[in-house]
Amino acid sequence: MWCCHKDKPISAGLLVLRVGIGGMMLVHGLTKLNGFSVMADKFPDPIGVGSQLSLIMAIAAEVGCSLLLIIGFATRLAAIPLAFTMIVALFIVHADDPWKAKELAAVYLLVYASLLMTGAGSFSIDHCVFGSKTTAEKKSEANA
379 MWCCHKDKPI SAGLLVLRVG IGGMMLVHGL TKLNGFSVMA DKFPDPIGVG SQLSLIMAIA
439 AEVGCSLLLI IGFATRLAAI PLAFTMIVAL FIVHADDPWK AKELAAVYLL VYASLLMTGA
499 GSFSIDHCVF GSKTTAEKKS EANA
């Protein structure tokens with residue numbers, strides 16, 4: 379069973395959140411991937427690993443991890459590099475910028491932090507593979 383009836387709205391909400399935010403971040407990553415040769419030498423290097431490696435790491439997170447979020451596989455693990463990327467964008471790359479330039483990174487960070495705490499929900503590959511039970515299912519078994 380996918381989930382009990384009480385958890386369906388929560389899992390549906392997590393599905394919409396994962397697919398929506400994953401799709402939006404995927405667009406950012408694909409833009410970087412398509413412009414790699416132009417951006418590689420001038421991409422910001424906020425953590426001191428070099429511009430090209432910084433760009434590769436951003437693309438890996440924004441493309442690879444976004445795809446994992448969309449399908450709901452290794453969701454909590456995938457949210458970590460995405461959250462790290464947004465922390466770097468928010469607090470280092472845009473540190474001296476006005477709030478308007480930081481706001482999008484902050485919104486993404488909030489979503490990734492939330493997914494780290496909640497997981498993917500029942501409508502995910504994580505749930506199918508790992509069979510994690512919802513809170514309501516655990517309570518039901520405990521009362522049985």
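Take 379 as the starting number for the sequence shown in the working numbering and just add one per residue.
Using N, Cα and C, we set each Cβ at its ideal position, and we do this for glycine too.
By a beta-carbon distance limit of 8 Å, L445 contacts L404. Their separation comes to about 7 Å.
Distances from the CA of L494 to each of S502, I470 and A452 were compared; the closest alpha carbon is that of A452. When the beta-carbon positions are compared, A483 and L468 come within less than 8 Å of each other. Spatial neighbours of K480 in its own chain (CB-CB distance under 6 Å, excluding positions within 5 residues in sequence) are listed in chain order as L468 and H472. Secondary structure note for L460: its alpha helix (DSSP H) is the uninterrupted segment T453 to V466. Scanning V507, G426 and A498 for the CA closest to the CA of K386 turns up A498. Collapsing the DSSP output to three states places A491 in a helix. Inclusion of I399 and L433 in the CB contact set at 8 Å is not warranted, their separation being larger than that value. In this structure, the CA atom of V489 is about 30 Å from the CA atom of D419. Annotated three-state conformation of F501 is coil, per DSSP. When secondary structure is reduced to three states using DSSP, H472 falls in the coil class, being assigned neither helix nor strand. The straight-line gap separating the alpha-carbon atoms of D504 and C443 is approximately 14 Å.
F501 is classed as buried because its beta carbon has at least 16 other beta carbons within 10 Å across all chains shown.
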